[in-house]
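Undergrad: Protein sequence lines, in the order shown, are assigned to chains A and B.
The first sequence runs 0 to 325 under numbering that gives the first Met the number 0.
The second sequence runs 0 to 859 under numbering that gives the first Met the number 0.
For glycine and all other residues, C-beta sits at the position ideal for the given N, C-alpha and C.
As the structure is a computational prediction, the values presented were derived from the model and not from experiment.
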Amino acid sequence: MSRVLVTGASGWLGAAVARDLVAAGHEVRTLQRRASGVDGAEDVLASVTQPDAVVRAVEGVDAVVHLAAKVSFAGEEADFVAVNIEGTRTLVRAAKRAGVRRFVFVSSPSVAHTGEPITGEDAPPAQPERAHGAYARTKAAAELVALGADAPGFAVVAVRPHIVWGPGDPQLVERIQQRAAAGRLPVVGSGAALVDSTYVDDAVAGIRAALDAAERVHGNAYVLTSGEPRPIAELIAGFCAAAGVAAPTRRVPAAAAKAAGSVVEALWRIRPGHDEPPMTRFLAEQLSTAHWFDIRRTRRDLGWTPEVGVTEGLRRLAAHHAVMRG
Amino acid sequence: MSGAPLRPEVLEGPPAGLPGLDPAWSRLVPVDDAATGRPVVHHVLDTGAELERLGIAPAGTILAVHGNPTWSYLWRGLVAASLDRARAGAPAWRVVAVDQLEMGWSERTGTTRRVADRVRDLGALTDRLHLGPRVVALGHDWGGVIVSGWAIAHRDVLAGLVLTNTAVDGHAALPGALKAALAASAVGTEHTTAFLDVTMAIAHPRLDRDVRAAFRRPYRSARRREGIRDFVADIPSTPGHLSRAAVDAIAAGLAALDVPALLLWGPRDPVFQERYLHDLMRRLPHARVHRFEGAGHLLPEDADVAGAVLDWVAAPTPARGDGSASAAEPYRPLWAAVEERAEDDTAALVELRGVAERTIPWRLLARRIQDLAAGLDAVGVRPGDRVSLLVPPGADLLAAAFACLRIGAVIVVADAGLGVQGLTRAVTGARPDWIIGIPRALAAARALRWPGMRIAAAGLAAPARAALGVRHTLPEVARLGRGRALPTAPAGDDLAAVLFTSGSTGPAKGVRYTQAGLAAVRDAITARFALGPGSATVAGFAPFVLFGPAFGCRTVVPDMDVTKPATLTADALAAAVAAVDADTVFLSPAALTNVLATADDPAAFDGVRLLLTVGAPVGEPLLDRAQAVLRLASLHTPYGMTECLLVADVDREAVAAAGPGNGVLVGAPVPGVAVRIAPLTEDGRASDATTTEPGATGEIQVRAPHMLDGYDLLWRTDAAARAGTADEPWHRTGDVGHLDDGGRLWVEGRLPHVVTTPDGVVTPVQVELAAQRAGAPRAAAVGVGPRGTQQLVVVVEGGEGPLAEPALAERVRAEADRPVAAVLAVRELPTDVRHNAKIDRTRVARWATAVLAGERVREP
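1) When you compare only the Cα positions, how much space is there between residue 496/B and residue 192/B?
2) Measuring only the C-alpha atoms, how far is residue 16/A from residue 220/A?
3) With DSSP as the reference, please indicate the residues paired to residue 640/B in a beta bridge.
4) If you run the structure through DSSP and keep just helix, strand and coil, what is residue 426/B?
5) Let me see if you follow: with CB-CB separation under 8 Å, is residue 859/B close to chain A or not?
6) Can the beta-carbon of residue 234/A be found less than 8 Å from the beta-carbon of residue 196/A?
7) Please check the pair residue 578/B and residue 349/B, which I expect to be a contact at CB under 8 Å, by giving their CB distance rounded to whole angstroms.
8) Could you give the residue range of the alpha helix (DSSP H) that holds residue 368/B?
9) For residue 251/B and residue 166/B, what's the separation of their Cα atoms in angstroms?
10) Tell me, which residues are paired with residue 759/B by DSSP?
11) Going straight from the alpha carbon of residue 395/B to that of residue 334/B, what length do you get?
12) If contact is defined by three or more beta carbon pairs under 8 Å, each pair taking one atom from either stretch, is the stretch 751 to 769 of chain B in contact with the stretch 652 to 670 of chain B?
13) How many Å lie between residue 265/B and residue 318/B at the Cα?
14) Which first and last residues belong to the alpha helix (DSSP H) in which residue 81/B is found?
15) Straight-line CA distance for residue 70/B to residue 643/B?
16) Taking contact to mean 3 or more Cβ pairs, one atom from each stretch, closer than 8 Å, check whether the stretch 473 to 489 of chain B and the stretch 368 to 388 of chain B are in contact.
17) If you measure from the beta carbon of residue 771/B to each beta carbon in chain A, is any gap under 8 Å?
18) Determine the extent of the alpha helix (DSSP H) in which residue 462/B is found, giving its start and end residues.
19) Within this structure, are the beta carbons of residue 165/A and residue 292/A separated by less than 8 Å?
20) Where do the N-terminal and C-terminal ends of the beta strand (DSSP E) with residue 350/B fall, by residue?
21) At the level of alpha carbons, what is the spacing between residue 313/A and residue 791/B?
22) Just verifying my parser: in three-state terms, what is the DSSP assignment at residue 49/A?
23) Checking the sheet assignment: what are the DSSP bridge partners for residue 838/B?
24) Counting only beta-carbon atoms, is residue 784/B nearer than 8 Å to chain A?
25) Quick check on this structure: which residue in 787/B, 203/B and 704/B has the alpha carbon closest to the alpha carbon of residue 683/B?
26) Check whether the stretch 200 to 208 of chain B and the stretch 72 to 89 of chain B are in contact - that is, three or more C-beta pairs closer than 8 Å.
27) Return the residues of the stretch 113 to 140 of chain A that lie within a Cβ-Cβ distance of less than 7 Å from chain B, sorted by chain order.
28) Under 6 Å Cβ to Cβ from residue 422/B, same chain only, skipping five residues before and after it: list those, please.
29) How would you label residue 420/B, buried or exposed, when you count the other beta carbons within 10 angstroms and need 16 or more for buried?
30) Would you report the Cα separation of residue 346/B and residue 360/B, rounded to the nearest angstrom?
31) Using Cβ-Cβ distances below 8 Å, what residues of the stretch 819 to 847 of chain B are close to chain A?
32) Determine whether the Cβ of residue 165/A lies closer than 8 Å to any Cβ atom of chain B.
33) What's the C-alpha gap between residue 612/B and residue 113/A?
34) Could you tell me whether any Cβ in chain A is nearer than 8 Å to the Cβ of residue 853/B?
35) With burial defined as no fewer than 16 other Cβ atoms inside 10 Å of the residue's Cβ, what is the status of residue 569/B: buried or exposed?
36) Could you list which residues in chain A have their beta carbon closer than 7 Å to that of residue 865/B, in chain order?
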């Protein structure tokens, strides 16, 4: 049993990670601005941008799983920098000083995504200067900060789960379902771009595996996926089918979507709305180019394998919606 | 160092940053120069120091000499690859690639250097470099001439000679491109930039800009280009040229050189055309040859010369006179059945053309062959001469082919189905000395400048003769040969034929057969199917026009366009069966398909006891339909390839009894054929070990008396396809499969098409059969992504795509019983032109890769 700090546990994935650690018998503390809602965890309500709170949060802790981040397709660059880069720096420093031995940085494959198709690559180094979008750029820089702090006695591992989804996920699945239902989600390009994704249970198990293996594999970054890439249109159709929503059929060419995304992105900065913009360049790229990965090294090093997968995951998602609909 | 100070420009080696070139390889070597009487400085790339640093003692040295207007940069790939191999633990070869004086980064001495000077310069340099006791000399372009001169003068240390796109035959007429260069050289040095530019521009594929710039880098000023100009001017293009004697001496010296030799050639070379290759082959008859189809003059840029050279130095081919002269084994030649029936007046061959019918009795056929053989000998066709046969399957082809075989000429047979371009490649690549053809073929030969003296298959009027450049006609040749004695028959291990593959995967390859090998093909087929003088066959597949009579069978050529098998109708087949009372039918799947589509009277085929489908694989549904028409026939699907025409055989009943399995059941190896499996490694390659254990999937290797002698002018392909030892050679088929408990062979696909997923290798045929069970008319299973972590993708035929209908995709996934990342759909899968049967999985994989990367969807 260890004492583990989970940051960002009010988020959907963060909460799932915290619950998993509690269930595994760890003593779990969480750090985020809102209550985590995780039974059995001790919440510290603060932002990673507040150094004093961070110092309090890491006190007496053996290990940290750092998920807190500003995740968005749009927004002010300065906010991303403050939370993602500076927040990580603050946390890493405090953790190291507090004698934390293991530190898992939850990253994203987009830190190395430069807009080119990714077909069967492992986890190349993060490239802040080339990553697309403020989120990816700042996560890339943050990953470098975290891995740069790896040292004897302070084992840092970065894991990059790709497109995490599952029941109750407000970020992706529900948004896609809502947009499809409202007819606001086009198929970008041919819809055949092959993309990896990660069912939430596979991601949670992978993060725990990284935590367990940290002292063996520290200093490395690993991609997590469910190992079952699918054409993007098929995956989205699967999400929609699970919710009983018709899959999108309206097509827009990939180039047009990217161009429109750039315009919308620019407009959103001037006139921010309440919701995410309907299409950003980053999103258009994500929806129209291949990004699937080679996770053999991850499986080998972490002693982890995706147990659920996409096919079974979609079945569970449908079952969840069936229950929700009553 | 003593003597005159180095000039500033000499001290510049190549600058850092040239693509593929490590500055650490560069050395400046001062040598006493006989021409100027003072030290001059050579630039060389030399791996000696690096090998020493690695603590590796080289097995020998490769001395590489560039031509004009390049420099040692041409050999950077060889240098790098040699070091890679050395570091990987393979026997190391030091590579020394020189810049000739006045060229590259070697000194500009202001002296005009002729061939003889350059040979001497090279010798002076190698004396300084201490190359050791085993040197393989390697040269490109005019560097080939210089290094040949060096080789002749250094026989004591010479271990081998490798020449690429060069010429020593100064007497041959110079091609236009070279004349243009010669003319340009006289105009002025500024034109030599044009020469540089042209040379850089003819690479296939185009060179990167940085590479082109690197080649030009040492030639940036007119003064630095003087060497290029002088080099061009030194080509002995006129009888009285100063270097003529030197080049002639080198040419003569080559003809006496007995070390192992390798000729690597890029056929798309406007300057060093193939006749220069043939000239070198005559001077070095023991040399192994590899023509890199599609590659051109800058061969080391266009093709894997580095790999070829390093493979070859590791296992050199025999020196002159080292060819194991095996004792002449007695054999029964291919034409024996005809000769034995020279007194028989019954029908040997029946040709059906529309309503016309032509019957040739055995007696006439035998006499025709005899007359043609003697006549061909009389007009100068010699044993070993290559004769390209461009005659449609029928009596004329049969007689000409057997006549050539009888006198030891080598028949070159390429299928017109290859198309004009493929045929041109095949005919010119096989360098025929003679072409026997119908007027259409001779017109193509003329228009496309195919080599070889031309003989018309039939009589021609004088104007047509002149227009086609025809030397003889077969009727004349036969008249000439009547009553003349025949020369001695060839020995069993003499080369008899070059048969071209269908070219469904890449350019068609020439497959060499010996006389005994061809005879063994006949024996394997007749033994397996009990064919002989008692039987009659329909030759619905072109090669059986030759083999039918060789079996001693009464043979009929049905009325069809043999280049388009799908033109055979049921009526035409029925007429053929009736004409000779045929009991055996050879058909390609495409021909069979059309026969079935047009059949209305099964009774017409009740005399047929045996149907053999040949040329491409056949699915069970087609066989089931065939059985409904050929009611009393046993339906066989023999398995083989141009390289070993009969490996295994199975009939419809056995296939049905076996049920579905991993691949297609092709049956037990026929008597005389040994089959073994080289199991697949994790990364989808064939391992070195072999097994006959049931269930092991791997590359199928065969060994038989009737297999190929080798590939023609494709030394590397040949070496790669060989397994076993020289005494016990096996052929790697490139097919993947396994043996079952009963010793029967199942074919699972082609080796390059094996999909390497993170969960292990997947062979395509089983997945394709699963897709067909799921309802797809036809499917291709391919891998996308890097080896070892590929995703399995199924592409089904029919539908708009790019994604298959969700319901079909679901069924395919369920049937495939393994992870399938995507099920895509195309209107039509790309297949081979000839049979429309072999799916071009490589092309499908390329298409699927692009589509799944999110690129715009095009036709595969």
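TA: So, from the data block:
1) As a working note, residue 496/B is residue 497 in the second sequence. As a working note, residue 192/B is residue 193 in the second sequence. Cα to Cα, residue 496/B sits roughly 46 Å from residue 192/B.
2) By 1-based counting over the first sequence, the position of residue 16/A is 17. By 1-based counting over the first sequence, the position of residue 220/A is 221. So the alpha carbons of these two residues sit roughly 18 Å apart.
3) Mapped onto the second sequence, residue 640/B falls at position 641. Looking at the DSSP assignment, residue 640/B forms a beta bridge with 643/B.
4) Along the second sequence, one-based indexing puts residue 426/B at 427. Judged by DSSP in its simplified three-state form, residue 426/B adopts helix.
5) As a first step, residue 859/B is located in the second sequence; it is residue number 860 there, counting from the start. So no, residue 859/B is outside the interface.
6) Within the first sequence, residue 234/A is the residue found at index 235, counting from 1. Within the first sequence, residue 196/A is the residue found at index 197, counting from 1. A contact, by the Cβ cut-off of 8 Å.
7) For the purposes of this step, residue 578/B is taken as the residue at position 579 of the second sequence. For the purposes of this step, residue 349/B is taken as the residue at position 350 of the second sequence. So it is a contact: roughly 5 Å between Cβ atoms.
8) Counting from one through the second sequence, the residue named residue 368/B turns up at place 369. 361 to 378 is the extent of the alpha helix (DSSP H) around residue 368/B.
9) By 1-based counting over the second sequence, the position of residue 251/B is 252. By 1-based counting over the second sequence, the position of residue 166/B is 167. Going by the C-alpha atoms only, they are around 13 Å apart.
10) Stepping through the second sequence from its first residue, residue 759/B is reached at position 760. By DSSP's assignment, residue 759/B forms a beta bridge with 756/B.
11) Taking the first residue of the second sequence as position 1, residue 395/B is located at position 396. Taking the first residue of the second sequence as position 1, residue 334/B is located at position 335. It is roughly 15 Å from the alpha-carbon of residue 395/B to the alpha-carbon of residue 334/B.
12) yes
13) By one-based count along the second sequence, residue 265/B stands at place 266. By one-based count along the second sequence, residue 318/B stands at place 319. So the two alpha carbons sit approximately 23 Å from each other.
14) On the second sequence, position 82 is the one that residue 81/B refers to. In the DSSP annotation of this structure, the continuous segment of the alpha helix (DSSP H) that includes residue 81/B starts and ends at 75 to 86.
15) Here residue 70/B corresponds to residue number 71 of the second sequence, with the count starting at 1. Here residue 643/B corresponds to residue number 644 of the second sequence, with the count starting at 1. So the two alpha carbons sit approximately 44 Å from each other.
16) yes
17) One-based indexing of the second sequence puts residue 771/B at position 772. Chain A contact via Cβ: absent.
18) For the purposes of this step, residue 462/B is identified with residue 463 of the second sequence, where counting begins at 1. From DSSP, the alpha helix (DSSP H) with residue 462/B extends over 461 to 467.
19) Position 166 of the first sequence holds residue 165/A. Position 293 of the first sequence holds residue 292/A. Contact: no.
20) Here residue 350/B corresponds to residue number 351 of the second sequence, with the count starting at 1. Segment 346 to 352, the beta strand (DSSP E) holding residue 350/B.
21) Stepping through the first sequence from its first residue, residue 313/A is reached at position 314. Stepping through the second sequence from its first residue, residue 791/B is reached at position 792. Roughly 20 Å separates the two Cα atoms.
22) The residue you call residue 49/A lines up with position 50 of the first sequence. It is coil, neither helix nor strand.
23) Here residue 838/B is taken as the residue at index 839 of the second sequence, counted from 1. According to DSSP, which records beta bridges pairwise, residue 838/B is partnered with 830/B.
24) Position 785 of the second sequence, counting from 1, holds the residue named residue 784/B. Output row for residue 784/B: interface = yes.
25) The residue given as residue 683/B occupies position 684 in the second sequence. Of the listed residues, the one whose Cα sits closest to residue 683/B is 787/B.
26) no
27) 116, 118 and 119
28) As a working note, residue 422/B is residue 423 in the second sequence. Around residue 422/B: 413.
29) Numbered from its first residue, the second sequence carries residue 420/B at position 421. Result: exposed.
30) Locating residue 346/B in the second sequence gives position 347, counting from the first residue. Locating residue 360/B in the second sequence gives position 361, counting from the first residue. Straight-line Cα distance between these residues: approximately 4 Å.
31) 820, 821 and 823
32) Here residue 165/A refers to the residue found at position 166 when the first sequence is read from its first residue. No - not a single Cβ of chain B is within 8 Å of the one on residue 165/A.
33) For the purposes of this step, residue 612/B is identified with residue 613 of the second sequence, where counting begins at 1. For the purposes of this step, residue 113/A is identified with residue 114 of the first sequence, where counting begins at 1. Going by the C-alpha atoms only, they are around 53 Å apart.
34) What you label residue 853/B is simply residue 854 of the second sequence in a count that begins at 1. At least one chain A Cβ lies under 8 Å of residue 853/B.
35) Counting from 1 along the second sequence, the entry for residue 569/B is found at position 570. Residue 569/B should be labelled buried.
36) Within the shown structure, residues of chain B are numbered from 0 to 859, placing residue 865/B beyond reach of any answer.
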